[in-house]
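>
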Amino acid sequence: MDRIALTAGALYAIVLLRAGGTFAVGWLAGAGARRSRFAGRISSAKFRRAERAIQRWGAPVVAVSFLTVGFQTAANFLAGSMRMPLPRYLPALFLGGAAWALLYATAGLGVLEVLGRLFAEHTALGVSAVAALLLAACGVVAYRRRTVAPSGDTAADEA
(Lines of atoms letter the chains of each structure in order from A and count residues from 1; the text may use other names and numbers.)
(Lines give C-alpha, C1' and ligand atoms only; values in the text may rest on other atoms or scores of the structure.)
Protein backbone atom coordinates (compact mmCIF):
# COMPACT_ATOMS: atom_id res chain seq x y z
CA MET A 1 0.00 0.00 0.00
CA ASP A 2 2.90 2.35 0.70
CA ARG A 3 4.17 1.87 -2.84
CA ILE A 4 0.81 2.91 -4.31
CA ALA A 5 0.58 5.95 -2.03
CA LEU A 6 4.12 7.04 -2.89
CA THR A 7 3.52 6.56 -6.62
CA ALA A 8 0.17 8.36 -6.47
CA GLY A 9 1.76 11.26 -4.57
CA ALA A 10 4.57 11.59 -7.10
CA LEU A 11 2.16 11.37 -10.04
CA TYR A 12 -0.12 13.94 -8.40
CA ALA A 13 2.76 16.40 -8.05
CA ILE A 14 3.73 15.78 -11.67
CA VAL A 15 0.21 16.27 -13.02
CA LEU A 16 -0.33 19.45 -11.00
CA LEU A 17 2.89 20.95 -12.37
CA ARG A 18 2.28 19.77 -15.94
CA ALA A 19 -1.40 20.71 -16.20
CA GLY A 20 -0.93 23.93 -14.25
CA GLY A 21 1.97 24.83 -16.51
CA THR A 22 -0.14 24.11 -19.59
CA PHE A 23 -2.87 26.36 -18.18
CA ALA A 24 -0.31 29.12 -17.58
CA VAL A 25 1.10 28.81 -21.10
CA GLY A 26 -2.44 28.98 -22.46
CA TRP A 27 -3.14 32.06 -20.35
CA LEU A 28 -0.01 33.76 -21.70
CA ALA A 29 -0.80 32.73 -25.29
CA GLY A 30 -4.32 34.12 -24.92
CA ALA A 31 -3.00 37.36 -23.50
CA GLY A 32 -0.53 37.63 -26.36
CA ALA A 33 -3.24 36.94 -28.93
CA ARG A 34 -5.39 39.68 -27.43
CA ARG A 35 -2.55 42.16 -28.04
CA SER A 36 -1.69 40.93 -31.54
CA ARG A 37 -3.19 41.47 -34.96
CA PHE A 38 -5.71 38.73 -34.11
CA ALA A 39 -7.30 40.90 -31.43
CA GLY A 40 -10.08 41.97 -33.77
CA ARG A 41 -10.96 38.38 -34.62
CA ILE A 42 -11.06 37.17 -31.04
CA SER A 43 -13.14 40.07 -29.81
CA SER A 44 -16.20 39.07 -31.84
CA ALA A 45 -19.50 38.39 -30.11
CA LYS A 46 -19.27 34.65 -30.92
CA PHE A 47 -15.82 34.38 -29.41
CA ARG A 48 -16.83 36.27 -26.27
CA ARG A 49 -19.87 33.98 -25.85
CA ALA A 50 -17.64 30.92 -26.18
CA GLU A 51 -15.17 32.42 -23.73
CA ARG A 52 -17.91 33.09 -21.16
CA ALA A 53 -19.24 29.55 -21.56
CA ILE A 54 -15.79 28.06 -21.00
CA GLN A 55 -15.17 30.33 -18.04
CA ARG A 56 -18.45 29.27 -16.47
CA TRP A 57 -18.85 25.59 -17.48
CA GLY A 58 -15.32 24.54 -18.39
CA ALA A 59 -14.30 23.26 -14.95
CA PRO A 60 -16.17 19.92 -15.27
CA VAL A 61 -14.63 19.44 -18.71
CA VAL A 62 -11.16 20.07 -17.28
CA ALA A 63 -11.76 17.61 -14.43
CA VAL A 64 -13.05 14.86 -16.74
CA SER A 65 -10.28 15.49 -19.27
CA PHE A 66 -7.82 13.89 -16.87
CA LEU A 67 -9.55 10.55 -17.48
CA THR A 68 -9.00 10.77 -21.23
CA VAL A 69 -5.94 10.24 -23.37
CA GLY A 70 -4.89 13.11 -25.59
CA PHE A 71 -7.55 15.64 -24.58
CA GLN A 72 -6.08 16.62 -21.22
CA THR A 73 -3.45 19.03 -22.54
CA ALA A 74 -5.87 20.68 -24.96
CA ALA A 75 -8.48 21.20 -22.22
CA ASN A 76 -5.97 22.81 -19.86
CA PHE A 77 -4.49 25.01 -22.59
CA LEU A 78 -7.94 26.10 -23.74
CA ALA A 79 -9.00 26.85 -20.16
CA GLY A 80 -5.95 29.08 -19.82
CA SER A 81 -6.25 30.81 -23.18
CA MET A 82 -9.95 31.48 -22.56
CA ARG A 83 -9.12 32.96 -19.14
CA MET A 84 -11.01 30.52 -16.94
CA PRO A 85 -10.95 32.08 -13.46
CA LEU A 86 -8.58 30.36 -11.02
CA PRO A 87 -11.32 29.77 -8.42
CA ARG A 88 -13.07 27.60 -11.03
CA TYR A 89 -9.96 26.04 -12.56
CA LEU A 90 -8.02 25.01 -9.45
CA PRO A 91 -10.70 22.70 -7.94
CA ALA A 92 -11.04 20.99 -11.33
CA LEU A 93 -7.26 20.64 -11.53
CA PHE A 94 -6.99 19.21 -8.01
CA LEU A 95 -9.89 16.79 -8.42
CA GLY A 96 -9.06 15.64 -11.96
CA GLY A 97 -5.36 15.39 -11.13
CA ALA A 98 -6.10 13.24 -8.08
CA ALA A 99 -8.28 10.90 -10.16
CA TRP A 100 -5.57 10.66 -12.81
CA ALA A 101 -2.81 9.98 -10.28
CA LEU A 102 -4.82 7.28 -8.46
CA LEU A 103 -5.83 5.61 -11.70
CA TYR A 104 -2.30 5.45 -13.04
CA ALA A 105 -0.79 4.54 -9.67
CA THR A 106 -3.11 1.56 -9.16
CA ALA A 107 -3.80 0.30 -12.68
CA GLY A 108 -0.38 1.30 -13.98
CA LEU A 109 1.49 -0.49 -11.22
CA GLY A 110 -0.79 -3.51 -11.64
CA VAL A 111 -0.06 -3.75 -15.36
CA LEU A 112 3.68 -3.37 -14.78
CA GLU A 113 3.60 -6.08 -12.12
CA VAL A 114 1.75 -8.48 -14.41
CA LEU A 115 4.16 -7.78 -17.28
CA GLY A 116 7.13 -8.26 -14.96
CA ARG A 117 5.84 -11.64 -13.79
CA LEU A 118 5.01 -12.69 -17.34
CA PHE A 119 8.51 -11.89 -18.57
CA ALA A 120 10.18 -13.45 -15.52
CA GLU A 121 8.22 -16.71 -15.58
CA HIS A 122 7.35 -17.10 -19.28
CA THR A 123 9.74 -14.98 -21.30
CA ALA A 124 8.75 -16.42 -24.68
CA LEU A 125 5.06 -15.82 -23.94
CA GLY A 126 5.77 -12.25 -22.84
CA VAL A 127 7.79 -11.49 -25.97
CA SER A 128 5.08 -13.07 -28.13
CA ALA A 129 2.35 -11.02 -26.43
CA VAL A 130 4.26 -7.76 -26.91
CA ALA A 131 5.00 -8.64 -30.56
CA ALA A 132 1.31 -9.45 -31.17
CA LEU A 133 0.26 -6.14 -29.61
CA LEU A 134 2.75 -4.21 -31.73
CA LEU A 135 1.64 -6.00 -34.90
CA ALA A 136 -2.01 -5.31 -34.08
CA ALA A 137 -1.26 -1.62 -33.47
CA CYS A 138 0.67 -1.37 -36.74
CA GLY A 139 -2.18 -3.11 -38.55
CA VAL A 140 -4.73 -0.67 -37.17
CA VAL A 141 -2.59 2.31 -38.14
CA ALA A 142 -2.01 0.94 -41.66
CA TYR A 143 -5.71 0.19 -42.11
CA ARG A 144 -6.76 3.65 -40.95
CA ARG A 145 -4.21 5.36 -43.21
CA ARG A 146 -5.34 3.33 -46.18
CA THR A 147 -9.03 4.06 -45.65
CA VAL A 148 -8.61 7.76 -44.82
CA ALA A 149 -5.99 8.77 -47.40
CA PRO A 150 -7.56 10.09 -50.62
CA SER A 151 -6.29 8.82 -53.93
CA GLY A 152 -3.55 10.98 -55.43
CA ASP A 153 -4.64 10.54 -59.07
CA THR A 154 -8.24 11.70 -59.40
CA ALA A 155 -8.13 11.87 -63.21
CA ALA A 156 -7.32 8.15 -63.44
CA ASP A 157 -10.15 7.37 -61.01
CA GLU A 158 -12.69 9.26 -63.11
CA ALA A 159 -11.60 7.66 -66.44
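Residues 107 to 265 in my numbering are what the sequence shown lists, from first letter to last. All residues carry an ideal CB built from backbone N, CA and C; glycine is no exception. Keep in mind that this is a model prediction, so the values were computed, not measured.
In terms of residues, what are the limits of the alpha helix (DSSP H) holding Y195?
First-last of the alpha helix (DSSP H) with Y195: L192 to L209.
> Helix, strand or coil: how does DSSP classify G176 here?
DSSP places G176 in coil when its eight states are reduced to three.
> Could you tell me the alpha carbon to alpha carbon distance between Q161 and A169, rounded to whole angstroms?
So the alpha carbons of these two residues sit roughly 14 Å apart.
> In the DSSP assignment, find the unbroken alpha helix (DSSP H) run with G232 in it and report its ends.
Residues T229 to V254.
> My output table needs one value for F144: the three-state DSSP class, helix, strand or coil.
Three-state result, F144: coil.
> Count the other CB atoms, across all protein chains shown, that sit within 10 Å of the CB of W206; report buried if there are 16 or more and exposed otherwise.
Per the 10 Å Cβ criterion, buried.
> Determine the burial state of G203: buried for a count of at least 16 other Cβ atoms within 10 Å of its Cβ, exposed for fewer.
Buried.
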